[in-house]
Every structure is written in structure tokens, then in C-alpha cells.
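Asker: Under this note's numbering, think of the first position of the sequence shown as 24, with each following residue one higher. The beta-carbon is built from N, C-alpha and C at its ideal position, and this holds for glycine as well. Owing to the predicted nature of the structure, the values given are computational and were not obtained by experimental measurement.
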Amino acid sequence: MARPAPLLLLLAAVCLVAAASAGGADAAERKATTVGVYELRKGDFSIRVTNWGAVIMSVVLPDSRGKLDDVVLGYDTIAEYVNSSTYFGALVGRVANRIAKARFVLDGKAYHLYPNDGKNTLHGGHRGFSNVTWTVKEHVGGGDAPYITLYYHSFDGEQGFPGALDVYVTYQLSGPYVLSVHMNATAAGKATPVNLAQHSYWNLGGAGSGDILGNTVQLFASRYTPVDAELIPTGQVAPVAGTPYDLRAPTPVGARVHLVMGGLSKTGATIYGFDTNYAVDGGDDVDAHAHALRRVAVVQDGKSGRSLELWANQPGVQFYTGNFLTADVKGKGGKAYGQYGALCLETQGFPDAVNHPNFPSVIVRPGQVYKHEMMYKFSF
């Protein structure tokens, strides 16, 4: 996702949120709401998760020669995630991506949100789901299908969104080199928009190993949603045929990244790269309550021999090429990640869908359940 909004968060916020969540709770509940790091391991395949922001901190797997590498960008400590504005590995919401002018109308009532990307709302506002402590409901670190389930209660009016919302996410190593992500949310009392996204930055050569311009990407999407200079959709759903956005065949990222506009710098200069929502083929009738998985993307890294195949049940996927990463973004081991140091594949409802009736609906009404399923299949 493009230019992150600045955050004014301190490490102390972790302790304050955890303490507030656990006030009066028994020891088990206090432990569940204390920020920590949790590992899932299945042979030489492992991930680490923190309940701060439901962040995936690492994904470690072998390459074609058996060498283990961590293939997601991130930090060494929770404090760095708290003070970061990159969204590395986070679960973002209540509504991922952008909402134009930080407002929308639902059932005849106008709602005003927190603008944290210029005059627009990005990833749920300045205190979205990526900036809160989640409760650890279950954690099984080993065995045939290790998993962790996290829970967050979003109150009515949080960041301006209507209605209370109960949100769960489960990360599971569900097969040999398969990472599954299960998200669901239930609205209480009021209809509300819900559009969750998993925001990991992938570098299949290893985090900090260089750029991803040599990776080939294939997206199973014949259309995309054009945007204006602020990366707000125009309302069109246009064919990719004949444009630089056509990634239906495996295409080196570097062959197209300088042909597409990926936003504006603080000085108004054009930033090149993908920050584009694609309409996944077969997803025309998909809404927030969909269930069927469809193949979304395949990424291949020739140097390591690693491949990632993504399946999901959402109508869109945001393809982002790390356009706003800079050399001063220091990650694990102090490595500078740099522009195009990773790519994101954020399955989602369409950006700004609340303001475009022709887009698939992201509205969840009381009694309905939002379900977002993802499956990352790795090979080497």
C-alpha cells in the first residue's frame, strides 16, 4: 500500500492498551491481552505473530537449495512496530485501503471518519486495527496444523465507523508450506462497512536481500480500478488489456514498474510503481459474505527458486510494489529495505467501495458474518 500516514505512537501505548483491556480480568485473560510474540512451526516452515496489530512478523522457509530465509519485511522488536507507519505484516481495518474525503453515507446517514492520508482515510484511520492490542484466544504452536486465533472488539464509533464489531483472525500452517488466513467479523446493532486486509510485504529472496524487480508476477485479473492522483478510485472498472497494468501472463515487475503511477511524494513529484486494485476474475458477484476461493496471483523469484501462489475469496487484490519504502526504513538486523524492496498482495473489497454503488458491497448488517479467506502456497 502506498504512502503510509504518520503515527504518533509510543511504546507506552502497548502497556496502556493491554492494561485497559485486562482491567479486572483474571490472570489468564491478562496474559491473553499482554503484547507478546507467538510462533507456529511445522518442520522447517515457521511464522512468528504478535498480537499487536495481529502482525505477521516473520515467515521462514527453505529455498531451492534448502537455505532458510525470512521472506517478509518487518522489525526485530514490537516497539518498532508500535512506532512504525509501514503496516508491515499487519491486519488492517475496519476498512482497508482508502475512503475518499474521510466520509460516506449509509442508510441515509453521513459518517465522518479520521483523515490520516491527506483528506482521506487510509486503513481504518490513525488507530485502525493495525494499531491496537488483540486478544489471544487460542495458540497451538506445533503439531500437524499449528495455529493462533486473535480477537478484537471494535466499539461503536471507533474512528468514526458505526456499530460495534467483533473481529477474529486465525493464522494456520494448514499444509506443507501452506499458510492459511481466516478472518471473520460480526456486526452488532448497526450496519457497518468491513474490509479487512493482510498487509505483509513479501520478498521471496529474503527480507533485505534487494529489490523485487526481477520477480515475475501473474495476476488472474482482467480488469482494474483506475485512480486519481490521490489514489482514489474514479469509479471505473476498466480492462487491463493494452495497458501496462496487464499482468495476466507472468511478467517481470521491473518491466512495468516505471510505467505506472504509484502516488505523489510530499513535494508533489510522481512516484512510480504499482499501487493498484485489480478485480479478480470470477469475483463479479462477490460481496463481504463470499466463501469460494479463487486463484489470485503467482509470484516467482528466480534467484531463490521460491514461488508464492495466493488464493482468496475477495473480489479485489491490491498489488503494491513498495514504492514509498526508502533507504531510511531500517528493518530486521538493521537492514535498509529501500524502494521496491518487497511487494504486497492485499486481497480485499474494492477501495472506496462505500462511495461507489457499482462496486461490490462491503456493508455488513447485524446478523451477517463477514468472511475473508486467504491461502498462501509456497514452493521451491
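1. Since A113 and H222 are thought to touch, with beta carbons under 8 Å apart, how far apart are those beta carbons, to the nearest angstrom?
2. With H, G and I counted as helix, E and B as strand and the rest as coil, what does DSSP make of A51?
3. With a CB to CB cut of under 8 Å and the five nearest residues on each side skipped, what residues in its chain are close to V201?
4. Give me whichever residues DSSP pairs with A404 in a beta bridge.
5. Looking at C-alpha atoms only, which residue of V78, S108 and T158 is the closest neighbour of R53?
6. Suppose you measure from the CA of G212 to the CA of K124; what does that come to, to the nearest Å?
7. May I ask you to report which of helix, strand or coil DSSP gives F403?
8. Please classify K142 as buried or exposed, where buried requires at least 16 other C-beta atoms within 10 Å of its C-beta.
9. Between which two residues does the beta strand (DSSP E) containing V105 stretch?
10. Mind reading off the beta-carbon distance from V240 to Y363? Whole number of angstroms is fine, and I expect it under 8 Å.
11. Near G306, what residues of its chain come up, given a Cβ to Cβ distance below 6 Å and the 5 sequence neighbours on each side ignored?
12. I need the DSSP call for K124, collapsed to helix, strand or coil.
13. Is DSSP giving A302 helix, strand or coil here?
14. Give a yes or no on contact between the stretch 125–138 and the stretch 173–188, applying the rule of three or more CB pairs nearer than 8 Å.
15. Compute the distance between the beta-carbons of N154 and H395, then report whether it is under 9 Å.
16. Closest to L236 by CA distance: which of L227, S177 and L316 is it?
17. Report the rounded CA-to-CA distance for P169 versus D298, giving the unit in angstroms.
18. Tell me which same chain residues have a C-beta within less than 6 Å of the C-beta of V322, skipping the five on either side of it?
19. Measure the Cβ-Cβ separation of Y194 and V95 and say whether it is below 9 Å.
20. According to DSSP, simplified to helix, strand and coil, what is G198?
21. Compare the C-alpha of E62 against each of V163, T100, L84 and V204 and name the closest.
22. With distances taken Cα to Cα, identify the nearest neighbour of R117 among V204, S245, L270 and S177.
23. Give the single residue among N300, R271, Y110 and V58 whose Cα lies nearest to the Cα of M284.
24. Let me check understanding here. Comparing Cα to Cα, which of D130, D304, E103 and F152 lies closest to N120?
25. Helix, strand or coil, according to DSSP, for N218 in the structure here?
26. Do V83 and F68 come within 9 Å of each other at the CB atom, strictly closer than that value?
27. For P262, count the other beta carbons within 10 Å of its own beta carbon; 16 or more makes it buried, fewer makes it exposed. Which is it?
28. In whole angstroms, what is the alpha-carbon distance linking G407 and G325?
29. DSSP three-state label for L282, please.
30. Nearest to A359 by CA position, among A365, L366 and T349, is which residue?
31. Compute the Euclidean distance between the alpha carbons of P249 and R329, then round it to the nearest angstrom.
32. Taking Cβ to Cβ, would you say T73 is nearer than 9 Å to Y104?
33. For V260, name the three-state secondary structure that DSSP assigns.
Answerer: Let me spell this out:
1. 5 Å
2. helix
3. M398, Y399, K400 and F401
4. The requested residue 404 does not occur in the structure, where the chain is confined to residues 24 to 403.
5. T158
6. 26 Å
7. coil
8. With fewer than 16 other Cβ atoms within 10 Å, it is exposed.
9. Taken as a continuous stretch (DSSP letters only), V105 belongs to no beta strand (DSSP E), being part of the alpha helix (DSSP H) at I101 to V105.
10. 12 Å between Cβ atoms; not a contact.
11. A distance below 6 Å between beta-carbons, with the five flanking residues on each side excluded, links G306 to the following residues of its chain, in chain order: P338.
12. helix
13. strand
14. yes
15. no
16. Measuring from the Cα of L236, the nearest candidate turns out to be L227.
17. Near 33 Å, if we compare the C-alpha coordinates of D298 and P169.
18. A distance below 6 Å between beta-carbons, with the five flanking residues on each side excluded, links V322 to the following residues of its chain, in chain order: N238, V240 and L331.
19. no
20. strand
21. V163
22. S177
23. N300
24. F152
25. strand
26. yes
27. exposed
28. As displayed, the chain neither begins before 24 nor continues past 403, which places residue 407 out of reach and without an answer.
29. Shown here, L282 sits in a helix according to DSSP, grouped into three states.
30. Taking the Cα of A359 as reference, the smallest distance to any Cα among A365, L366 and T349 is reached at T349.
31. 31 Å
32. yes
33. If DSSP states are grouped into helix, strand and coil, V260 belongs with coil.
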